[in-house]
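For reference, the structure is listed below as structure tokens.
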Amino acid sequence: MKKLGVFLMVLASSNMLSQQKRARDYGIEIGVLKPGENNAITDVEGVTVGHTTIIEGDNIRTGVTAILPHAKNIFQNKVPAAIYIGNGYGKLAGYSQVKELGNIETPIILTNTLSVPVATEALISYILDLPENVSVKSVNSIVGETNDGWLNDIRGRHVKQEHVLNAIKNAASGAVKEGNVGAGTGTICFGYKGGIGTASRVLPKSTGGYTVGVLVQTNFGGVLEINGVPIDKELDRYPKYSHYEGDGSCMIVVITDAPLDSRNLERLAKRAMLGLAKTGGIASNGSGDFVIAVSTAKDNLIPDKSESSFNTIKVLRNQDTTSLFLATIEATEEAILNSLFTAETMTGHNGHTITSIPTKTIIEIMKKYNKIKD
0 MKKLGVFLMV LASSNMLSQQ KRARDYGIEI GVLKPGENNA ITDVEGVTVG HTTIIEGDNI
60 RTGVTAILPH AKNIFQNKVP AAIYIGNGYG KLAGYSQVKE LGNIETPIIL TNTLSVPVAT
120 EALISYILDL PENVSVKSVN SIVGETNDGW LNDIRGRHVK QEHVLNAIKN AASGAVKEGN
180 VGAGTGTICF GYKGGIGTAS RVLPKSTGGY TVGVLVQTNF GGVLEINGVP IDKELDRYPK
240 YSHYEGDGSC MIVVITDAPL DSRNLERLAK RAMLGLAKTG GIASNGSGDF VIAVSTAKDN
300 LIPDKSESSF NTIKVLRNQD TTSLFLATIE ATEEAILNSL FTAETMTGHN GHTITSIPTK
360 TIIEIMKKYN KIKD
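Residue numbering for the sequence shown is 0 to 373, as defined by numbering that gives the first Met the number 0.
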């Protein structure tokens, strides 16, 4: 790796990290359910997140984000999962096996479009190198992407296996760094600087007390709304959108400790798209909008091998999933907004500059609509 002219940050989510102001810090409260302690995907017990942020010279603005559902060997202790395609203009690796078998057996990696192959290779290496996996001969890597080619020299394919492995290695619980980090380093959302965002919701004990956490990589377009306020209309921005700004992609990862099987996880994943819509996202023709949903319920982990021919699990009844749907919608909406509020103006490839949202102006508009809580 080059030592001169390179600014490489390996960022792990940690309580030690300083945190930019998020939507809720400005008095913007989404929905009716309460967030978890960190208002992050890591509020789901056992979930960890790590970033590798790569900023080099004038043209490289990219990175990797790793989400680990639990601390065990995930290949040997698979998690129930589902993937829902809101709009399929994307390169998500590993979809078919998840659709067929209903589980995930690797960490979830997010990166840029042309780095999906190297991230897949890195996940294979990671799984094969774990001591318990000496006989493993097949690995279904889960890698999602968005295209950061406006701010990043994406054709240079600067993400390497070590960047992916470092993100996994440094994954931690607690507060999650957001904005221009990891897979969100070079992304654009609603024509503003986007990035990584996260949020969570905790259900009341009367409806199970489960936690739902969401992490997003925002790189999509539409007509921005914040908590029902038509921001882009107020700013008279929409007529100025270019074709490019309307396209893009959004990766959404939803994790819950509720005991759900893959069928109901797919139903949960569908609701995340409703959260995206509430921000004004339109899932345009050229947008890759994918939702990966996972359950980490402790008693429902799926062993790779077992002496029994049966998986014995406890799953939530259909009638008791509605509160989880609401939690997913709210957490997704807030995670997307957090990615915008925490992102910073960036100049990158070919001198392109994308500005952050005009926070002061937006807050004034929100006050006009009585949508700021003092």
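For glycine and all other residues, C-beta sits at the position ideal for the given N, C-alpha and C.
Using DSSP's beta-bridge definition, name the partner residues of residue i.
i    : result
Y374 : Examination of residue 374 is not possible in this model, given that the chain is present from 0 through 373 alone.
V228 : I225
P302 : N76
A198 : V213
Y83  : V290
I353 : M345
N218 : S248
I59  : E55
I103 : V78
A70  : Answer is none; A70 lacks a bridge partner.
Do residue i and residue j have their CB atoms nearer than 9 Å?
i    : j    : result
E332 : L275 : yes
V290 : M272 : yes
D152 : H348 : yes
T145 : L109 : yes
G280 : D246 : no
T327 : R236 : no
Y384 : E329 : An answer regarding residue 384 cannot be provided, because it is not within the stretch 0 to 373 covered by the chain.
N86  : A292 : no
L300 : A170 : no
Under DSSP, the beta strand (DSSP E) around residue i begins and ends at which residues?
i    : result
R266 : From DSSP, R266 is part of no beta strand (DSSP E) but of the alpha helix (DSSP H) over S261 to K277.
K159 : Run containing K159: none; DSSP gives neither H nor E here.
L223 : Note, L223: premise wrong, no beta strand (DSSP E); not H, not E.
I29  : Premise fails: I29 is in no beta strand (DSSP E) and is neither H nor E.
Have a look at residue i and residue j and give me their C-alpha separation to the nearest angstrom.
i    : j    : result
W149 : D298 : 44 Å
M8   : V213 : Interpretation of M8 is limited by its pLDDT of 45, a score under 50 that renders its predicted location unreliable; no figure is taken from the coordinates.
G35  : R156 : 37 Å
I141 : R200 : 25 Å
S13  : Q19  : Residue confidence is low: S13 scores 35 on pLDDT, short of 50, so the model does not pin down where it sits. Its coordinate-derived value is still stated next. Answer to the nearest angstrom: the Cα atoms are 14 Å apart.
K277 : N139 : 33 Å
I187 : I356 : 11 Å
G26  : K176 : 20 Å
Y243 : N58  : In this predicted model, Y243 has a pLDDT of only 46, less than 50, meaning its place in the structure is not dependable enough to derive any value.
I107 : I362 : 34 Å
T61  : P203 : 39 Å
G207 : S261 : 19 Å
G49  : G183 : 12 Å
F74  : G45  : 16 Å
A92  : V163 : 15 Å
A65  : N226 : 29 Å
S137 : L127 : 9 Å
F6   : I312 : No answer about F6 holds up, because its pLDDT of 42 lies below 50 and its placement is not dependable.
L325 : I371 : 21 Å
P258 : Y368 : 39 Å
Specify the secondary structure class of residue i as computed by DSSP and reduced to three states.
i    : result
K370 : coil
V142 : strand
Q75  : coil
Y209 : coil
G280 : strand
S248 : strand
I254 : strand
G178 : strand
A39  : coil
E233 : helix
I312 : coil
Go to residue i, then tell me how far its alpha helix (DSSP H) extends in each direction, as first and last residue.
i    : result
L323 : T321 to T341
T119 : V115 to D128
L109 : Run containing L109: none in the alpha helix (DSSP H); it sits in the beta strand (DSSP E), I107 to N111.
Y94  : Y94 to L100
Taking CB distances under 9 Å as the criterion, tell me whether residue i reaches chain C.
i   : result
G30 : Chain labels in this structure do not include chain C; a single protein chain is all it has.
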